[in-house]
Amino acid sequence: MKIEMARWTISMNDYDNYKIRYNRGDGHFEDFVEIYPEHMIELVELLKEYEPKIKKHIADEKGGVH
């Protein structure tokens, strides 16, 4: 499973943990935090809450979300 938003990526590793990573734009990523499966529902709800703001930001051609 992989969810991408702007430069942020949430990906699952082989141990069923999720990582939040930030794409620096130079082909490298910064790992931020591991998220365990039981927290994914909360995280997805939070992303849904921010989705309208992100879509507006993209529609206004402001580039990545800051």
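Residue numbering for the sequence shown follows the numbering used here, beginning at 9 and increasing consecutively. All C-beta atoms, glycine included, are put in the ideal place defined by N, C-alpha and C.
**Request:** Return the Cβ separation of Arg-29 and Asp-39 in integer angstroms, given the expectation that the two are a contact with Cβ distance under 8 angstroms.
**Result:** On the sequence shown, residue 29 is found 21 positions in, with the first residue counted as 1. On the sequence shown, residue 39 is found 31 positions in, with the first residue counted as 1. So it is a contact: roughly 5 angstroms between Cβ atoms.
**Asked** Out of curiosity, what's the CA-to-CA distance linking Glu-69 and His-47?
**Response** If you number the sequence shown from 1, residue 69 lands on position 61. If you number the sequence shown from 1, residue 47 lands on position 39. Cα to Cα, the separation comes out at about 32 angstroms.
**Collapsed DSSP secondary structure at Glu-106 in the structure displayed** = Here the chain comprises residues numbered 9 to 74, so residue 106 is not present and cannot be evaluated.
**Message:** Rounded to the nearest angstrom, what separates His-65 and Lys-56 at their Cα positions?
**Reply:** Counted from its first residue, the sequence shown places residue 65 at position 57. Counted from its first residue, the sequence shown places residue 56 at position 48. Those two C-alpha atoms are separated by around 15 angstroms.
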